[in-house]
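The sequence shown begins at 164 in our numbering and counts up one residue at a time.
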Amino acid sequence: MIAPAWKAMIETRMQSMIEQNRLREFKVIQAACQPKLTYQGKEMLNLSSNNYLGLANHPEIIAAIKEAAEHGAGATASRYIIGHDETCAQLEQEIAQFHQKEAALLFSNGYMANLGVLSALLQRGDAVFSDRLNHASIVDGIRLSGAKQYRYRHNDLDDLEKRLKQAEQDDIKRKLIVTDAVFSMDGDRAHLPELIQLKEKYGAALLIDEAHSGGVFSEEGQGLAHHLGLHSHVDLHMGTFGKAFGVYGAYIVGSEKWINYLMQTSRSLIYTTGLPPAIVGGIRKSLQLVRRATPLRHSLHQKSNYIRTQLQALGFQLGPTTTQIIPLWLGDEQTALTFSKRLEQEGIMVVAIRPPTVPKGTARLRLSVMANHDWNDLRHATEVITQIGQEMGVI
Ligand SMILES: *Cc1c(COP(=O)(O)O)cnc(C)c1O
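Here it is in structure tokens:
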């Protein structure tokens, strides 16, 4: 028996999600890390993966995971109790060296990293400037902190500056600007040079989330800030190992002062069990592979460029994407769901992204490209997408 007040709440909210076409569902997928996955017994082209470099089933990473698992299936405690071992310490050194920063701190995943870092850094009375399209984990970390939040219009530096001035007038001393480096549902990039100028002009700190740029940009895959040669101007970089790195986990890097403080204060680091040794082993191998993955990065960018240019020329609305994340803007939830379903019937898996993940009226299909996609499959996909787009009157 559910108490009536709970029953009523659940039914009302569920009904409203159904009416708005916002209900989510788990699809049972097999071989999700492959360019071709299996769904309901059918092989389908996978255009929904964040496994951008195709490393998630790399034999060397899997071998490293198996080998590390010999030391035990779990870390058994928080890293501050007995859940920290040599491999964990070595990995943090390797991440710091990878980013050419003084120190690194490993977290269980990106959600927990953002939650822990933002809630630990920001105090009541501080000001945080957050792009409107930042990831939910940033939004939630800020919520937990009690700091005053200024949400600026997406990639709008004038709007950001206006808010920085406002905070200065309000005599707020500590300011933090936080942004995704590549926006997860739009595929466009933050304007890092201008953000750094503003950060310096207003004496703020800058935290960037490289979840979708890590592995993908710069000579060794450190991300967008390295790609632009600006990494030394960024106070804190957050990155994840679950996307292009193909494993799981996340990190934050910066100078010792920042990191030492976060080590003492991030509750999502302190009050959770350390990552299993197998995961740490997998990440270390993946990090080696990512650093040498220039040909994979090249292939990913070539294929992404191809899909973007083709679909744009055919008249699809892609917005300002310049990366491997390619949204087809469709507007309402029902159109996005129907389009996705039609693609599914044609053997192409592209999941519809709807509010509240994206703003109201911007439901879309989010295509993501992998370095190991087959060229013929991508050509075929653009043809099918075009056909359905015409059929549905979207183009
Ligand atoms: C995926 C993502 C995260 C969360 O990372 P997980 O390791 O999946 O928890 C954080 N920030 C951004 C921008 C992301 O896209």
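No residue lacks a Cβ here, since even glycine has one placed at the ideal position from N, Cα and C. If you're wondering where the values come from, they're calculated on a predicted model, not measured in any experiment.
- Per DSSP, the continuous alpha helix (DSSP H) segment holding R505 begins and ends at 496 to 508.
- Under DSSP, F408 shares a beta bridge with no residue.
- In this structure, the straight-line span from the alpha carbon of S462 to that of L387 is close to 17 Å.
- In the DSSP annotation of this structure, the continuous segment of the alpha helix (DSSP H) that includes Q473 starts and ends at 457 to 476.
- A check of alpha carbon separations from Y411 across L393, S418, L438, M401 identifies L438 as the nearest.
- Setting aside the 5 residues that flank it on each side, E265 is surrounded in the same chain by S418, E419, each with a C-beta closer than 6 Å to its C-beta; the list follows chain order.
- Of the other Cβ atoms in all chains shown, 16 or more fall within 10 Å of the Cβ of E255; this residue is therefore buried.
- About 5 Å separates the CB atoms of L208 and I511; that is less than 8 Å, so the two are in contact.
- Nearest to T485 by C-alpha distance, out of L474, D495, I442, is L474.
- Boundaries of the alpha helix (DSSP H) harbouring T250: 249 to 262, taken from the DSSP string.
- The beta-carbon separation of R529 and P490, rounded to 5 Å, stays under the 8 Å limit for a contact.
- Taking C-beta atoms as the reference points, I340 and L369 count as a pair closer than 8 Å.
- Using a Cβ-Cβ distance cut-off of 8 Å, the segment 278 to 287 and the segment 425 to 441 are in contact, since at least three pairs of beta carbons, one from each stretch, lie closer than that value.
- When distances are taken from the beta-carbon of A252 to the heavy atoms of ligand 1, even the shortest one reaches 7 Å or more.
- Straight across, the Cα-Cα distance linking E324 with A456 is about 38 Å.
- Fully contained in the segment 322 to 405 are the following alpha helix (DSSP H) runs of length 4 or more, in chain order: 355 to 364, 387 to 390.
- For V291, the secondary structure class from DSSP, reduced to helix, strand or coil, is strand.
- Fewer than three beta-carbon pairs drawn from the segment 293 to 307 and the segment 391 to 400 are found closer than 8 Å, and the two stretches are therefore not classed as touching.
- With three or more CB-CB distances shorter than 8 Å, the segment 497 to 509 counts as touching the segment 539 to 556.
- T525 and L493 have their C-alpha atoms some 7 Å from each other.
- Straight through space, the alpha carbons of D372 and I415 are spaced by roughly 9 Å.
- In this structure, S531 has its beta carbon at no less than 7 Å from each heavy atom of ligand 1.
- Counting C-beta pairs closer than 8 Å gives fewer than three between the segment 287 to 295 and the segment 257 to 273, which falls short of the contact rule.
- Taking a cut-off of 8 Å for Cβ pairs, the segment 188 to 196 and the segment 169 to 176 do not touch, as fewer than three such pairs fall below it.
- The Cβ neighbour count for A367, taken over all protein chains shown within 10 Å, is at least 16; the residue is labelled buried.
- Taken atom to atom, the span from the alpha-carbon of I359 to that of V397 is near 7 Å.
- In this structure the segment 444 to 455 touches the segment 399 to 409; the number of beta carbon pairs closer than 8 Å is three or more.
- For S418, the distance from the CB to the nearest heavy atom of ligand 1 is not below 7 Å.
- Exclusion of the five residues before and after Q312 leaves V291, S293, I305 as the residues of its chain whose Cβ lies within less than 7 Å of its Cβ.
- The C-beta distance from N297 to D351 rounds to 13 Å, too long to fall under 8 Å, and the pair is not in contact.
- DSSP lists I192, K205 as the bridge partner or partners of Y202.
- A direct Cα-to-Cα measurement between E331 and G384 gives close to 36 Å.
- Here R337 has D289 as same chain residues with Cβ atoms under 6 Å from its own Cβ, once five neighbours each way along the sequence are excluded.
- G402 counts as buried, since no fewer than 16 other beta carbons sit within 10 angstroms of its beta carbon.
- Non-local C-beta neighbours of I470 in its own chain, meaning closer than 7 Å and more than five positions away in sequence, comprise I489, L530, V532, L541, T545, ordered along the chain.
- Closest in alpha carbon position to F270, among Q480, E496, M426, is M426.
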